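Notes follow once the structure below has been shown.
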Amino acid sequence: MGTGDIEERHGRPGALRARGGVGGHVGAPHSVGIRLERLSKRFHHRVQGEVYAARDVSLAVAPGEFVTLLGPSGCGKTTTLRMIAGFETPDAGRVFIGDEDVTALLANRRHLGFVFQNYALFPHLTVFENVAYGLRVQGRTAAEITRMVGDVLTLVGLQGYDRQFPQQLSGGEQQRVALARAIVIRPRVLLFDEPLSNLDAQLRVRMRAEIRALQQALSITAVYVTHDQEEAMAISDRIAVMSRGSIVQEGSAETLYARPASEFVARFIGRVNLVSARVVAVGVDTVEVEVAGQRVRAVAAAQPAVGDKVRVVVRPETVELAPAGSLGPAGTVVARTFLGEKVEYQVRVGDETLQVTRPGGAADARFAPGGAVTVRLPADGVGLLRDDA
Amino acid sequence: MRAVRIGWLAALALTWAAAGAAPATAADTLNAYSIWPENWARPMLQEFEKATGIKVNFVRFSSGEALARLIAEKNTPRVDVLFGGPVETFAAGVKEGIFEPYKPPAFAALPARFKAADGSWVAIADDPLVFMTNARFLKDNNLKPPASWEDLLNPAYKNMLQMADARTSGTAVTRLFSILEVNGRDEARAFEYMKKKRRNVQLYTKSGGGGTLPVGLGQAGGGIFFIVDALDTKAKGYDVVISFPKEGIGTSAEAIALIKGAKNPELGRKLIDWASSPAMQKLYAPHKINFVPAHPEVAVEPGLAEVLKGAKIFPIDDAYAGANRKRIVERWVNEVLNLRE
Amino acid sequence: MLWACLALFVLFPLAALVARAFFEGGRFAPGALASVLRDPNHLRAFGNSVLLGVLVAVASTVLGFLFAFTAVRGGLPRAWTGVLEATALLPLISPPFTTAIAIIFSFGPRGLVTWHLLGLKGVSVYGLASTFAAETLTYFPIAYLTLKPVLAALDPNVEDMAFSLGSSRARVFRTVTLPLTVPGLGNAFLLVFAASLADFATPLILGGNDFPVLPTQAYLQITGLFDFKGGAVLSFVLLVPAFAVLLLQRAWVGRRYYVTVSGKAGAQTAAKSVAAWARWPLLAGCLVVTVVIAWFYALLAYASLVVALGANHAWTAVHYRVIFSEGVKAIRDTLVIAGLGMPLGGLYGILLGYLVARKVFLGRRAMELVSMVNYALPGTIVGIAYLIAFNDPPLVLTGTALIIVACYVFRYSPTGIRTTVALLQQIDPGLEEASASLGAGSATTFRRVTLPLIVPAFFAGLGVVFIRSMTAISATIFLISINWTLITVRILENMTELSLGPAAAFSMLVVAIVVVVMAALSRLLRQFRTPGRVMVASLLGG
């Protein structure tokens, strides 16, 4: 289903613009936080035997905060989310929503909103009845239901779709119904399990902005699962990166990008050069390292000792190029790709090949392959990884 | 691809099957439908093969099925002989014109009721009806073996009698005409009796002997059967009692006939010659087949004679039965079988 | 070519039947139909048939749902699911009468349960109740096989969603699970109804005096009263509900399946729709049925090993000796016929399924409908129609194996057809187009691309034709001959000859052969694993 299709069909891109007046009906009564304490979940794998899907996962989400669980498939992010929702029972650990320990509560007692990857709309019910389902369970009056469903459908830009069946809707529209159904019951928390992965690229970008806008308008706590780092960075207040059942690092997008704590995080978020270096001086917050003969300052989580071999995280866009013979490490351009707004180089420096990205119009965007250049690493602000990390 | 190959093989095999469908047309093989069950027909026909070298290929059907099939196959008969089965079936077949008259050497020696005047069929055995009751049932209910048709109306038999359905069974037709005879052919009285008896009937079975096993097992208390079935039940080890009504009970001949348009008429005639003669009928006793031989020269086996001693048995009048059969059976279906109280 | 086959083996016999019913010496004579409709006994039989069909269909659907739900959602250990599966499959592969006989021996006036256990006297086992019970136990597997894939295909996320919206388990079941199963339930109902409508063996044994049904009446009309015309007319009356069911199924159920959305299905989710405590009552319900069925088969096995059940319980192998001497022809004939019918049925199924699913041509829907006719019709009708049609020139087939094989192939191939269509619907036509774009002709494309993909359907169709060749009786009782006879017919014969032992031994043999062949087939099938999972459909009944 193309984007053009969607626009043609309801003619309102960005329809999730939450307006205060409407939001008032569907917003959470008050925001609450979420706390996970050492959650573990094992399952039986046909080949590997007992495997941890989640292991000692601890996480705190502040009221109104938007936190994303990011990781490759099989890292345990969905299992963790499903434990929050109550679809899976943890083998160990506890789940708190607000101050309430909900670990033993069934899903239907937790009062959360959940949006599935495949939307999980009720195929036998109309859009109206899909959205009204949770309200009927709550035993609301017909008048209330009609009003609340109408409001929320307006909010997600689907007024007039009441009588359609899910099969008749496009992917984006189904997504909006799923969202409306989740928020109409005024859940304490919204949970998203890769909600955009079945949409095409452009629609995905627009929907994530709409989801974010809606979450902020409702000021509702949200936990979002995705394997797409760009999506995670675009939508979240905070990201928790997971690998093999554990959270390996959490923080803002900026922090994760600039100061990944491990090679896994560094490689998972953005393009990266990991360059060997040697510690030459240790300061209070920073250390100085020597990379290819150039001294740069780095921020380190743990304090290394002088002389330690380490690796530094050098993002491609922080490297500058200068004509050969300038001050700094010498290199050779291996390849150059012109991409309009930017130019990507591969530059050989000693044993390493660095990825370098320069703005399309920059002065250093014109070095030809085969030519010699001088490489300038940023003087400070590189991340530092222990060699064993 | 493999599937295609399998398909071709199957098609080849099928052609073979269709082509070779009539291996039984070989010169020395005779085809027959048998109404007698396998366990009687097989030994007899094997004896025939032993005696003449003619192999008999046969398949067993109930009388109704056999007749229906012969009628359906009238234009292209598949078999040469209809072997065994109650005479009413043969009478019905005569009406459909499916038989080729043939008078075997024994024809003259047979009493009139054991042959069709034109030789459309001849009898190979006689088979009287009997009352058969379960001994334990009698004891439990403090009953004597029924000795009169009236005894079967005793409420002690309620829902405990099994006998054959007149639509499908020659046994049942013989029973209906027995009841008519003992009531002096007064249909009103006879049907009055049948309707009363209906209350005690648990099940009208599709085949004549269908009720013998239930009676043997005690699933049913008793019923009316041909003696051959009743004695067979007894021989199998079931504790049953055979008795006869003092008013008398009918008997029906078992017959054989040549099929019109038979492919091997000569072989068929040989089988009829053999079956209607003492050659076959004296073999009933050694094979423990409790038919009364039709040929007057064959003595009744002493054990069987003992059972029959003192019993009042009358033949069913062929002409009367033939003329009224359809009407009586239909009336039975409407008034007795479907009786609702 | 296919049309010619269909015309010859489906339309022609049907026309012959209608002609026999309505034409008297070349003139149209509807009087016979009128007289049948006026006969209160026949009307009663008609009413009974429909009543029995509805009751059996309702009960079988409920039971089938219970089994399917417990198997799919019960969260039971593997072993238990295996037990349920076996229970549900046993009745499908059994010869006719099995249940009926076991019921008489268990619940008859001297039944092991009613008399020996409970000491009841004068119990009547014949009639609606027992016919209903026997047919339900025989046909609920059809409902189970129909409903299990439907339940398994339900996206568990949808149920999870309902939970997370605050629904209780009962409410989720009522408002989500059950409504989503409705098309499957409808389908199961109609299939079982058709099967019951066509069943002739069970009411013949258990119907008794007070519960005549049409198929038995038609059979008796022909075999008892030698009334071909009456039988044809009665069969014709039976056509009406049979066709109604066929059309209803196509019109209503056909397009109402809720396709599960693609994407990450919740296969990882544990079943939450059933509370841990509720699992055991569900299982217990199924186990009651399992025990009953196991009891029936144990009884049958016992009957095959004792001299005379109920009278002489000494162990003996004599019945097996009998079937392997006297019965050897029937066994050989049955195996030959089943062996011929199997590949033909499989091939016919995928060819027709392929045409219907992939090719556009005039009369495609008609072809599909015609291919279903012989399945939908009660077996007695088909048998009688074949007998009438193929006894006289131009085409004399009575007495050949071909007529029996043709009867099986055209009657039991719809499973192969349906499975082929279902598989092809899962396979992207792009695959075939890709082959065509590489220069392959239509035949090559079919052989090299499509055929390997639908091999599972071939085996499904083949399996069903084999099973039915081993177990069906209603149609073929009219088609056996001097040269070709069948085990099932020998079973019926043995029963009427009071030889319960050989009948039981034959039955056990049939079960054994079918189990062995099916096991071999499924092994073969495993080597042809294709991406789409085959729904070995539910058309085993009838």
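Residue numbers (this note's numbering), protein chains in the order written: chain C, 52 to 440; chain X, 706 to 1046; chain E, 2 to 543. For each residue, glycine too, the CB sits at the ideal point set by N, CA and C. These numbers were taken from a predicted model, which means no experiment stands behind them.
Where does residue i fall in DSSP's three states?
i, result
"V289/E", "helix"
"Q280/C", "helix"
"K760/X", "strand"
"K360/C", "strand"
"V146/C", "strand"
"Q267/C", "helix"
"N42/E", "helix"
"G411/C", "coil"
"K902/X", "helix"
"M865/X", "coil"
"W281/E", "helix"
"L67/E", "helix"
"A11/C", "Outside the modelled stretch of chain C, which goes from 52 to 440, sits residue 11/C, for which no answer is possible."
In chain order, what residues of the same chain lie with their CB nearer than 8 Å to the CB of residue i, ignoring the 5 residues before and after it?
i, result
"M865/X", "F842, N905, Q907, A925, G926, G927"
"V293/E", "L138"
"A291/C", "L110, V118, T119, L120, L121, I298, Q300, E301"
"Q354/C", "V333, V338"
Hey, would you say residue i sits closer than 9 Å to residue j, going by beta carbons?
i, j, result
"G286/E", "L67/E", "yes"
"R86/C", "G296/C", "no"
"A103/E", "Y321/E", "no"
"V407/C", "P380/C", "no"
"L436/C", "V364/C", "yes"
"T956/X", "T876/X", "no"
"L976/X", "F753/X", "yes"
"L129/E", "D40/E", "no"
"V406/E", "L341/E", "yes"
"P217/C", "N249/C", "no"
"G1105/X", "K844/X", "Within the shown structure, residues of chain X are numbered from 706 to 1046, placing residue 1105/X beyond reach of any answer."
"L209/C", "A233/C", "no"
"A737/X", "F763/X", "yes"
"T217/E", "G208/E", "yes"
"H43/E", "L215/E", "yes"
How far does the beta strand (DSSP E) with residue i in it extend, from its first residue to its last?
i, result
"V331/C", "324 to 333"
"F94/C", "85 to 96"
"V308/E", "307 to 309"
Leaving out five residues before and five after residue i in sequence, what residues of the same chain have Cβ atoms less than 6 Å from its Cβ?
i, result
"G53/C", "Because G53/C carries a pLDDT of 38, less than 50, the predicted location of this residue cannot be relied on, and the following value inherits that uncertainty. Counting only Cβ-Cβ distances below 6 Å, and skipping sequence neighbours, we find nothing."
"F141/E", "S61, L64, G65"
"G54/E", "F194, S197, L198"
"Y145/E", "G65, F68, A69, A89"
Can you tell me where the alpha helix (DSSP H) holding residue i begins and where it ends?
i, result
"L204/C", "193 to 206"
"F325/E", "319 to 326"
"W4/E", "3 to 7"
Short of 7 Å in beta carbon distance, which residues of its chain neighbour residue i, apart from the five on each side in sequence? Order them along the chain.
i, result
"A999/X", "L815, F819, A828, I829, A830, D831, A958, Q986"
"V799/X", "A821, S825"
"L526/E", "P457, F460"
"A158/C", "A136, G137, F138"
Please tell me whether, using a cut-off of 8 Å, the distance from the CB of residue i to the nearest non-hydrogen atom of the ligand ATP is below it.
i, result
"D415/C", "As far as ligands go, the structure on display features none, and thus does not contain the ligand ATP."
Subject >> Residues from the segment 769 to 787 of chain X in contact with chain E, defined by Cβ distance under 7 Å >> reply: Flagged, chain order: G769, E770, L772, A773, I776, A777, E778, N780, T781, R783, V784.
**OP:** Taking a Cβ distance cut-off of 9 Å, strictly less, list which residues of the segment 482 to 496 of chain E are near chain X, in chain order.
**Re:** Cβ contacts with chain X come from S482, I483, N484, W485, T486, V490, R491, E494, N495, M496.
Original post:
Using a Cβ cut-off of 7 Å, which residues of the segment 189 to 202 of chain C contact any Cβ in chain E, in chain order?
Top reply: Per Cβ criterion, the list reads Q189.
**OP:** Please list the residues of the segment 924 to 955 of chain X that have a C-beta atom closer than 9 Å to any C-beta atom in chain E, keeping them in chain order.
**Re:** Those residues of the segment 924 to 955 of chain X that come within reach of chain E (Cβ to Cβ, closer than 9 Å) are Q924, A925, G926, D934, D937, T938, K941, G942, Y943, D944.
Original post:
What residues in the segment 350 to 384 of chain E have a beta carbon less than 8 Å from any beta carbon of chain C?
Top reply: For the segment 350 to 384 of chain E, the beta-carbon criterion of a distance under 8 Å to any beta-carbon of chain C is satisfied by none of its residues.
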